[in-house]
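A.B. asks: Pasting a structure below so you can have a look.
Protein chains: 2
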Amino acid sequence: MARKTGSHSEITGPRVRAAALRLFARHGFAAVSMRQIAAEVGVQAGALYLYTPDKETLLFELLHEHMVDLISAWDAIEAGGGPEERLERFVRFHIRHNLARLDAVFLSYMELRSLGPGNFRTIEGLRRDYENRLEAILQEGTALGVFSVPEGRITAFALIAMLTGVTTWFREGGRLSRDRVGDLYWAMVRRAVSA
Amino acid sequence: MARKTGSHSEITGPRVRAAALRLFARHGFAAVSMRQIAAEVGVQAGALYLYTPDKETLLFELLHEHMVDLISAWDAIEAGGGPEERLERFVRFHIRHNLARLDAVFLSYMELRSLGPGNFRTIEGLRRDYENRLEAILQEGTALGVFSVPEGRITAFALIAMLTGVTTWFREGGRLSRDRVGDLYWAMVRRAVSA
DNA sequence: AGACTATCTGAACGCACGTTCAATACAATC
DNA sequence: GATTGTATTGAACGTGCGTTCAGATAGTCT
Chain A
11 MARKTGSHSE ITGPRVRAAA LRLFARHGFA AVSMRQIAAE VGVQAGALYL
61 YTPDKETLLF ELLHEHMVDL ISAWDAIEAG GGPEERLERF VRFHIRHNLA
111 RLDAVFLSYM ELRSLGPGNF RTIEGLRRDY ENRLEAILQE GTALGVFSVP
161 EGRITAFALI AMLTGVTTWF REGGRLSRDR VGDLYWAMVR RAVSA
Chain B
11 MARKTGSHSE ITGPRVRAAA LRLFARHGFA AVSMRQIAAE VGVQAGALYL
61 YTPDKETLLF ELLHEHMVDL ISAWDAIEAG GGPEERLERF VRFHIRHNLA
111 RLDAVFLSYM ELRSLGPGNF RTIEGLRRDY ENRLEAILQE GTALGVFSVP
161 EGRITAFALI AMLTGVTTWF REGGRLSRDR VGDLYWAMVR RAVSA
């Protein structure tokens, strides 16, 4: 008994990535074995190497896909307007997008250290690209006198940390809806930066 | 050659914990071997078991010590006053205290998942104790009409996430001093919650 | 000087790891 | 129904893991 009935590369590939994402996020990169991932997919460990050259590359591709997804989703939504309007859009987007990808968010913050130097720099660069987009909004608002943000870069860090923190406590079906959470955080952010 | 000259339990014990803290924070709990910790201390792996019953307990004790240290340090500083004064004290304390313990902070946020259920609950309870202290300040300020915080618990989460985020970008000897960072964050926090 | 005890070594235990690869089973094509 | 190519197995490789423990050494006490 080798290949299972109905198995295909187009099916197994995504299932490998999904299982790896889930397990890496839950237990940590180093704590998850290739055999565990294979078991979750329903395949032997050797078969994983049809879909990734090695374990670290599997992690890197998950992180890379997450960052590219994040940035392109924001760029697709960004539609001009005043700084205040754009900042509100950013706040609500960041919360909504990240809440829909808890495992990937968690992985992005925990397992950068498991990458080699080259892969690390790539992900770090993408993160900086994202931070720059928020910083630009803050700078523009400050230039126009709408915001009072003496340190745009540090403020961008502070806001992103605060917004991403939602993923650590939000529970589906809890007392607060996603929209209500968006309202609460936008109220805080608006007051924190407004002139 | 067994015991080295001048070695004592009171010396080796702390060195084991220090090495474990450093390595766990840098590479992750699962990625660090007992042999690596032993090598950093200058001892054979077996000797570590004079100081911890097993690897997970070593991690747990580091996390536990960190949380107890955090809470008792805050309780020692807390000295009454109005909500605004106490909140400012909290903001500056949290930043200063965490910046002085980067490895422990990182570990606390990354490796809770590496604990068994019982140990996990213990640390989680201590974290909740700490969050409660901030929440109480926010609630009191809201009751007195000094703050406008409709959701004390969520706001406490948001502020702690924002403040703890300093540890991810702050660099010793960089452009901003610790005090200046404290000023910046206090300015944001004050505006975010004030009525 | 000799006994005692705390501290540590060094080897060993069984097990699981990431990765490779020849053999094999299935799906698609003719 | 035979042929071909892709997806997968299953076993194996060497390595390192957490943990245990008998024995050796160094400091302390009498």
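These protein sequence lines map, in sequence, to chains A and B.
For my numbering, count along the first sequence from 1 and bump the result up by 10.
For my numbering, count along the second sequence from 1 and bump the result up by 10.
Heads up, the beta-carbon is just placed ideally off N, CA and C, and yes, glycines get one too.
1) Given this structure, state the Cα-to-Cα distance separating arginine 131(B) from glutamate 75(B), to the nearest angstrom.
2) Secondary structure at proline 24(B), three-state DSSP: helix, strand or coil?
3) By the 9 Å beta-carbon criterion, what residues does the region 82-105 of chain A contribute toward chain B?
4) With distance defined between alpha-carbon atoms, name the residue in Gln149(B), Leu186(B), Val199(B) and Gly151(B) nearest to alanine 168(B).
5) Report the residue from Gly135(B), Tyr195(B) and Ala202(B) whose alpha carbon sits nearest the alpha carbon of glycine 162(B).
6) Residues of the region 187-203 of chain A with a CB closer than 7 Å to any CB of chain B: list them in chain order, please.
7) Which of the three DSSP states, helix, strand or coil, is assigned to serine 204(B)?
8) To the nearest angstrom, how far is it from the Cα of glutamine 54(A) to the Cα of proline 24(A)?
9) In whole angstroms, what is the alpha-carbon distance linking glycine 151(B) and alanine 205(B)?
10) Along the alpha helix (DSSP H) that carries valine 176(A), what are the first and last residues, could you check?
11) Going by the DSSP bridge assignment, what does phenylalanine 157(B) pair with across the sheet?
12) Under the assumption that leucine 69(B) contacts serine 118(B) (Cβ atoms under 8 Å), give the Cβ distance between them as a whole number of angstroms.
13) Kindly list, in the order they appear in chain A, the residues whose Cβ is closer than 8 Å to that of arginine 123(B).
14) Taking glutamate 94(B) as the reference, which of Thr177(B), Ala28(B), Gly183(B) and Ala153(B) has the closest Cα?
15) Using 8 Å as the threshold, is the C-beta distance between methionine 120(B) and methionine 172(A) below it?
16) Answer yes or no: does any C-beta atom of chain A fall closer than 8 Å to that of alanine 171(B)?
17) Would you check if there are 3 or more beta carbon pairs closer than 8 Å linking the region 92-106 of chain A to the region 175-192 of chain A?
18) Let me know the secondary structure DSSP gives tyrosine 140(B) once reduced to three states.
19) Mapping the DSSP letters down to three states, classify serine 43(A) as helix, strand or coil.
20) In chain order, what are the residue ranges of uninterrupted alpha helix (DSSP H) at least 4 long that sit wholly in the region 72-112 of chain A?
21) Give me, in chain order, the residues of the same chain whose beta-carbon lies closer than 8 Å to that of alanine 12(B); leave out the 5 immediate sequence neighbours on both sides.
22) Check the Cβ of alanine 55(B) against every Cβ in chain A and list those closer than 7 Å, keeping chain order.
23) Step through the CB atoms of chain A and report whether any lies within less than 8 Å of the CB of methionine 120(B).
24) Within the 8 Å Cβ cut-off, does arginine 25(A) reach chain B?
25) List the residues of chain B that alanine 135(A) touches, going by C-beta distances under 8 Å, in chain order.
26) Tell whether a beta-carbon distance below 8 Å holds between glutamate 50(B) and alanine 35(B).
27) Measure from the C-beta of isoleucine 21(A) to each C-beta in chain B and report whether the shortest distance is under 8 Å.
28) Excluding the five sequence neighbours on either side, which residues of its own chain have a C-beta within less than 8 Å of the C-beta of glutamate 141(A), listed in chain order?
29) Cβ of glycine 175(A) less than 8 Å from any chain B Cβ?
30) Between the C-alpha atoms of arginine 185(B) and leucine 112(B), what's the straight-line distance to the nearest angstrom?
31) Checking contacts by CB at 8 Å: is phenylalanine 130(B) closer than that to chain A?
32) Would methionine 77(B) pass as a contact of isoleucine 133(B) if the rule is Cβ separation under 8 Å?
33) Measure from the C-beta of isoleucine 47(A) to each C-beta in chain B and report whether the shortest distance is under 8 Å.
34) Residues of chain B with CB closer than 8 Å to the CB of isoleucine 164(A), please, in chain order.
35) Phenylalanine 167(A) versus chain B: which residues are under 7 Å apart at the beta carbon?
36) How long is the line joining the alpha carbons of tyrosine 61(B) and valine 42(B), rounded to whole angstroms?
C.D. replies: Judging by the given coordinates:
1) 15 Å
2) If DSSP states are grouped into helix, strand and coil, proline 24(B) belongs with the helices.
3) none
4) Val199(B)
5) Ala202(B)
6) Hits within the stretch, in order: Leu194, Tyr195, Met198, Arg201 and Ala202.
7) In this structure, serine 204(B) counts as strand in the three-state DSSP scheme.
8) Taking the straight line joining both Cα atoms gives about 16 Å.
9) 9 Å
10) 176-179
11) Ser204(B)
12) Distance from leucine 69(B) to serine 118(B) at the Cβ level is roughly 11 Å; contact not present, criterion being Cβ atoms closer than 8 Å.
13) Result: Arg36, His37 and Gly38.
14) Ala153(B)
15) no
16) Flagged as an interface residue toward chain A: alanine 171(B), by a C-beta distance shorter than 8 Å.
17) yes
18) helix
19) coil
20) 93-109
21) Unreliable positioning characterises alanine 12(B) in this predicted model, as indicated by a pLDDT of 41, which lies under 50. A coordinate reading is not provided.
22) Within 7 Å Cβ-Cβ: nothing; alanine 55(B) doesn't reach chain A, min ~18 Å.
23) yes
24) No, arginine 25(A) lies away from the interface with chain B (no Cβ there is under 8 Å from its Cβ).
25) Reading the sequence as shown, one finds glycine at residue 135(A) and not alanine. At a C-beta separation below 8 Å, glycine 135(A) has no neighbours in chain B, since its nearest C-beta there lies roughly 15 Å away.
26) no
27) no
28) Arg163, Ala166, Phe167 and Ile170
29) Yes, because at least one Cβ of chain B sits closer than 8 Å to the Cβ of glycine 175(A).
30) 19 Å
31) Taking Cβ atoms only, chain A never reaches closer than 8 Å to phenylalanine 130(B), which makes this a no.
32) yes
33) no
34) Trp179, Leu186, Val191 and Leu194
35) Gly175 and Trp179
36) 17 Å
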